[in-house]
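Structure first, then comments.
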Amino acid sequence: MSVDAATVRRIAHLARIAVDDAEVPHLQDELNAILAFVEQLQEVNVDGVEPMTSVTPMAMKMRSDVVNDGEIADRIVANAPVTHDHFFLVPKVVE
Amino acid sequence: MTDLTSLTLAEARDGLARKSFTSLELTDAHLAAMERARVLNAYVLETPEQARAMARQADERIAKGEGGPLNGLPLGVKDLFATEGTRTTACSRILGDFRPPYESTVTSQLFTRDGAVMLGKLNNDEFAMGSSNETSCYGPVVNPWRRQGSDVKLVPGGSSGGSASAVAAGLCLGATATDTGGSIRQPAAFTGTVGLKPTYGRCSRWGTVAFASSLDQAGPIARTVRDAAILLRSMAGHDPKDTTSVDRDVPDYEVAVGRSVKGMKIGLPREYRLDGMPAEIEKLWSQGADWLKAAGAELVEVSLPHTKYALPAYYIVAPAEASSNLARYDGVRYGARADGRNIVEMYENTRAKGFGAEVRRRIMIGTYVLSAGYYDAYYLRAQKVRTLIKKDFEDCYAAGVDAILTPATPSAAFGIGEKTASDPIEMYLNDIFTVTANMAGLPGIAVPAGRDAQGLPLGLQLIGRPFDEEAVISLGEVIEQAAGRFTPEVWW
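Written out as structure tokens, the structure is:
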């Protein structure tokens, strides 16, 4: 399988990465090189093989459903680029 | 007094216990060495004041007869580990001046619990994506090793290139590192140091910047196998904050150093004998087998039939998980933001500006293989292949094999810029021998074992059974004893 220029733009948009038109051919070549490399997986017989979901078989541990942290809004917003009164600010979303 | 930066971690620990020197003296010696070695670009942030304060506290503990197992020992920290109040960037522009309000579990065990001294943050490939430390936003790290008669600057490997370079050059007694496809073991092999990737789940991933969560594992890079064993004991352990961390006792790994390997069965996988493998790698491998045999181990040829599919499967699984993990970098809650006319444009500009080329490429591959219509063909198939890769090892171990011996890398360190040309695959092939252990979640160690024709260090790798780090430590030490230590000549 290989990707065309339109697919490169679509993937970039899905990944929320702005891509200049000038970058598209280069990206397309690189992505196709990687896709060509992984193509060899198609020759492996995977009939009846379970996909790996956990590398070490283990049961997911549960913790008690209690509040054990919080009241640290100052620290949570401390690294944000733009904040106001413990809110993260973003460009207007709803007109 | 001997140069305090040439001591091993174990020697420094014993010297502190004997009061031959203080932690402050030891720390100052390393801070001075770091200053002289800035051309290597191993540290992206030096924290001398904090280091001296930590050293003084360690000295006070020694005076009172207290102190944890690493008390007063200066270490470097890969910039992937969150350090409270100290800039942590994963060497990406997108994290900007991020100062975590929390400390990773691994570093809190090393420093808060066990008393080590932090010297600073070490360079790495951006988000640990790379095999040469050339994708860092702080620029490439230089390998302290050079080819004989040449002053060409070589890469230290990656992604833990800063850790490997600093340990090899005496800029810390040991360093934390992480390994997703070979990022501890390949740089260790390129710098003549020891790199130990533990079993998946052995060390907590909490507070470590995530790349590919089902593959990432923290571990040490050190100057000797013993030092790596000492550090692993402090890094490992169950953490309720990481559900994939394993609730299992942490043994005293140092006890495994020097333990007899007599009667152990070592597999030599025939699939690792690649076409066109350099003669010196081939020679190194059989030399390693001979050393283990001389120590009483039994060498057997084994087969791991799906080996060749490990790297292609990795280049689906790792980017897929990365694309998901890195979705959090949106310029809203932390890190650098680039403006846009609306929120989507703000996201797109932030991520285009903040991520480097390799990271963008991997996010896009990951996005593609997870997108509607392609999931089964790529991701699901890769996860099935991963099951087969793991089964290869399980079959081998079920047949009585205790560990597997392979070369660590297909070549010695290469020059900066030599492999960054158009085809990304050439760089990816560096991890061909190491990536299988990540895919199967197994422990692996890289130990320096010889030199190539140009005088550069080469490493061998031992892959063990799950949670049998002790076996690879014992076997690794046999190779270390036979091969000797590897120290670069100071030219910086």
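Note that the protein sequences, when read in sequence, are chains A and B.
Everything in the first sequence is counted per full-length UniProt numbering, starting at 1 for the first residue and increasing by one.
Everything in the second sequence is counted per full-length UniProt numbering, starting at 1 for the first residue and increasing by one.
Backbone N, C-alpha and C define an ideal beta-carbon position, used for all residues, glycine too.
Shown here, Thr-367 of chain B sits in a helix according to DSSP, grouped into three states. Residue contact with chain B for Glu-30 of chain A: present (Cβ-Cβ distance below 8 Å to some residue of chain B).
DSSP places Asp-179 of chain B in the strand class (E or B) of the three-state scheme. Between the beta-carbon of Asp-431 of chain B and that of Leu-311 of chain B there is about 7 Å, and that keeps the pair under the 8 Å contact cut. Classified as buried, Tyr-378 of chain B has 16 or more neighbouring CB atoms from the shown chains inside 10 Å of its CB. Secondary structure of Lys-391 of chain B (DSSP, three-state): helix. Taking the Cα of Leu-45 of chain B as reference, the smallest distance to any Cα among B:Leu-31, B:Pro-407, B:Ala-55 and B:Gly-366 is reached at B:Leu-31. Chain A places no beta carbon closer than 8 Å to that of Glu-134 of chain B, leaving this residue out of the contacts. Straight through space, the alpha carbons of Thr-53 of chain A and Arg-386 of chain B are spaced by roughly 10 Å. For Ala-338 of chain B, no beta strand (DSSP E) segment is defined, and its DSSP state is neither H nor E.
By the neighbour-count criterion, in which 16 or more other beta carbons inside 10 Å mark a residue as buried, Gly-149 of chain B falls on the exposed side.
Exclusion of the five residues before and after Pro-240 of chain B leaves no residue of its chain whose Cβ lies closer than 8 Å to its Cβ.
Here the alpha carbons of Asp-97 of chain B and Thr-86 of chain B stand approximately 9 Å from one another. Residue burial is scored here from C-beta neighbours: Leu-89 of chain A has fewer than 16 other C-beta atoms within 10 angstroms and is therefore classed as exposed. Looking at the DSSP output, Met-118 of chain B sits in a beta bridge with B:Leu-75. Bounds of the beta strand (DSSP E) holding Thr-406 of chain B are 403-407. Nearest to Phe-486 of chain B by alpha-carbon distance, out of B:Thr-8, B:Asp-3 and B:Leu-4, is B:Thr-8. Using beta-carbon distances, Asn-68 of chain A does not count as an interface residue toward chain B, since no partner is under 8 Å. Taking C-beta atoms as the reference points, Ala-295 of chain B and Val-478 of chain B count as a pair closer than 8 Å. By the neighbour-count definition (other C-beta atoms within 10 Å, threshold 16), Val-39 of chain B is an exposed residue.
By alpha-carbon distance to Gln-28 of chain A, the top candidate from B:Gln-481, B:Val-447 and B:Arg-361 is B:Arg-361. Sequence-distant partners of Tyr-138 of chain B (beyond 5 residues in either direction) whose C-beta falls short of 6 Å from its own C-beta, in its chain, are Val-44, Cys-91 and Asn-123. Within its own chain, the residues whose Cβ lies closer than 6 Å to the Cβ of Asp-402 of chain B, once the five positions on either side in sequence are excluded, are Met-264, Lys-265 and Ala-471, listed in chain order.
The straight-line gap separating the alpha-carbon atoms of Val-77 of chain B and Asn-45 of chain A is approximately 42 Å. Across the stretch 425-439 of chain B, CB contacts with chain A closer than 7 Å involve Ile-425, in sequence order along the chain. Take the alpha-carbon of Leu-171 of chain B and the one of Arg-270 of chain B: they are about 38 Å apart.
For a cut-off of 8 Å, the C-beta gap from Glu-358 of chain B to Thr-83 of chain B is around 24 Å, too long to register as a contact.
When the Cα atoms are used, Pro-101 of chain B and Tyr-334 of chain B turn out to be separated by approximately 11 Å.
For Ala-212 of chain B, same chain residues with a beta-carbon under 7 Å away, outside a window of 5 residues either side, are Thr-180, Val-317, Ala-318, Glu-321 and Ala-322 in chain order. Check the Cα spacing between Phe-393 of chain B and each of B:Leu-442, B:Met-364, B:Asp-423 and B:Leu-429: the tightest is with B:Leu-442. The shortest CA-to-CA distance from Leu-429 of chain B to any of B:Ala-297, B:Ala-327, B:Ala-482 and B:Met-277 is the one to B:Met-277. Assignment of Leu-292 of chain B by DSSP, reduced to helix, strand and coil, places it in the helix class.
Under the criterion of beta carbons closer than 8 Å, Ala-483 of chain B and Pro-448 of chain B qualify as touching, at roughly 6 Å. Trp-285 of chain B sits buried, since 16 or more C-beta atoms from the chains shown fall within 10 Å of its C-beta. By the Cβ test, the stretch 189-197 of chain B is in contact with the stretch 217-229 of chain B, since at least three Cβ pairs between them sit closer than 8 Å. The beta-carbon separation of Ser-245 of chain B and Gln-109 of chain B, rounded to 12 Å, does not stay under the 8 Å limit for a contact.
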